[in-house]
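Asks: Mapping of the sequence shown onto the numbering used here: residues 267 to 633, in sequence order.
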Amino acid sequence: MIANAITFTPDWTTPPGRTISRIMRKRGLSNDELAMEIDVSESTIEGLLAGDVRIDYQLADKLSEILGSSSQFWLNREHQFREDLRRLNPNEVIGCELNADWVRQFPIKDMIKNGWLPADTTVKNALDRLLSFFNIQNSYEWSDRYHSQGTIAAFRRSPTFEANPNAVVAWLRWAELQANKQQCDKWNREELISNIPEMRKLTRQKQPDIFLPRLKQLCAEAGVAVVIAPAPTGCTASGATCFLTSEKALIVLSLRYKTDDHFWFTFFHEIGHLVLHSEKTLFLEDNSDVNAQEEIEANNFSQSILISPEEVDQLYSVRHRTNDIMRLSVRLGISSGIIVGQMQHKGILGRNQMNHLKRKYEWSSFK
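1. Where residue 367 and residue 330 are concerned, what is the direct C-alpha to C-alpha distance, given to the nearest angstrom?
2. Starting from residue 634 and walking both ways along the alpha helix (DSSP H), at which residues does that stretch end?
3. Please list, in chain order, all residues of the same chain as residue 273 whose beta carbon is under 8 angstroms from its beta carbon, the five residues on each side excluded.
4. For residue 609, is the classification buried or exposed, using 16 other Cβ atoms within 10 angstroms of its Cβ as the cut-off for buried?
5. What's the C-alpha gap between residue 350 and residue 464?
6. Quick check on DSSP: helix, strand or coil for residue 564?
7. Apply the 10 Å Cβ neighbour rule to residue 582 and answer buried if 16 or more other Cβ atoms are within range, or exposed otherwise.
8. Which term fits residue 601, buried or exposed, when burial requires 16 or more other beta carbons within 10 angstroms of its beta carbon?
9. State whether the region 540-555 contacts the region 572-580, with contact taken as three or more CB pairs (one from each stretch) at a distance under 8 angstroms.
10. What does DSSP give as the partner residue(s) for residue 507 in the beta ladder?
11. Where does the unbroken alpha helix (DSSP H) through residue 433 begin, and where does it stop?
12. Opposite residue 525 in the DSSP bridges: which residues?
13. From the DSSP output, in three-state form, read off residue 495 for me.
14. Three-state secondary structure (DSSP) at residue 490?
15. Within 10 Å of its beta-carbon, does residue 625 have 16 or more other beta-carbons around it, so buried, or fewer, so exposed?
16. For residue 512, does the three-state DSSP call read helix, strand or coil?
17. I'd like the ranges of any beta strand (DSSP E) spanning at least 3 consecutive residues and lying wholly in the region 282-333.
18. Identify the continuous alpha helix (DSSP H) that holds residue 387 and give its terminal residues.
19. Identify which residue in 316, 589 and 498 has its Cα closest to the Cα of residue 285.
20. Where do the ends of the alpha helix (DSSP H) carrying residue 453 lie?
21. Helix, strand or coil for residue 644 per DSSP?
22. Please report the straight-line C-alpha distance between residue 604 and residue 384, rounded to a whole angstrom.
23. If you reduce the DSSP assignment to three classes, tell me which class residue 502 lands in.
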């Protein structure tokens, strides 16, 4: 006898708050005690238990820390609840409210100003424009895509990361769209390493419109697309590295500080990730005190490319005069601004000394 397979689809759903409430009872936690533990208001806890407050990434992390289970568990619980609501109440206003809440989490004004969204984007059509920008059908698909790819997890690499994940993802998405337009050879780690000396020589070039095309070409020969994109409000990243496919990598830089020392250090930091680390990981530089071993290694890699260990002593012996530092930069084959930046980083110079030797960049030079 062959049994017919029956798919059970319940006509009911329960909010994550039901699970939270059950754990609270077991642990003897009151609403106000949980509110204090996860640093939210008591009314937020009441809304969470009722299903009116949505569990986002930060809240999922806090629930995981205080109540147990993983952050992914709480995000999945939230996602399933919202999917059930959409299935059971397809015409109810809650769907509109959730979409509006999702849209509000993006820096729409900056996205319009930067040309990522059409100039005629309005409150009424912003949802459709965002769905088109990300090439998705709904906000749930967005959540599934960027959490499953590990993008959101990368934002948590630093305990002090305080940026808006949606703004960062928008920045990365724009970079991805631009990278897709760039023709690159297949990813080749050895080719990338062999091109580094010529990349380093480009630090001597003053004008971005001169060095950037060649820099992109050298990276493209190794299967790496380079994109310069302004960081919108809520995105504190100075750079990021990831693999778009197994054959194509992306380096995106935000030009956060607009000086040559920061630009080149961040660029070679990202190169370091590609040379040293996993092809499946997104590395996001959020300018906070990141202690992850990979970040330390990428920092050391960048420093060693710009100024080799054998040359470091010259930073300590050079006189703190403009002409002497400029002569040293010629001998080492890098810009004076990089010399100054490294001397400041090592405490040889104060942060306010010799900054006139750093080249200042304008966005117009990178377009």
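Glycine included, each C-beta is placed from N, C-alpha and C at the ideal position. Just so we're clear, the structure is a prediction, and the values are computed from it rather than from any experiment.
Replies: So, from the data block:
1. 23 angstroms
2. Past the edges of the chain, shown from 267 to 633, lies residue 634, and the structure says nothing about it.
3. For residue 273, the predicted model reports a pLDDT of 48, less than 50, meaning its position is unreliable; a value from the coordinates is still stated below. Taken in chain order, the list of residues that qualify is empty.
4. buried
5. 56 angstroms
6. helix
7. exposed
8. buried
9. no
10. 517 and 549
11. 431-446
12. 626
13. coil
14. strand
15. buried
16. coil
17. none
18. No alpha helix (DSSP H) contains residue 387, which DSSP labels as neither H nor E.
19. 316
20. Looking at the DSSP string, residue 453 is not in any alpha helix (DSSP H), and its letter there is neither H nor E.
21. Residue 644 is absent from the structure shown; the chain starts at 267 and stops at 633.
22. 38 angstroms
23. coil
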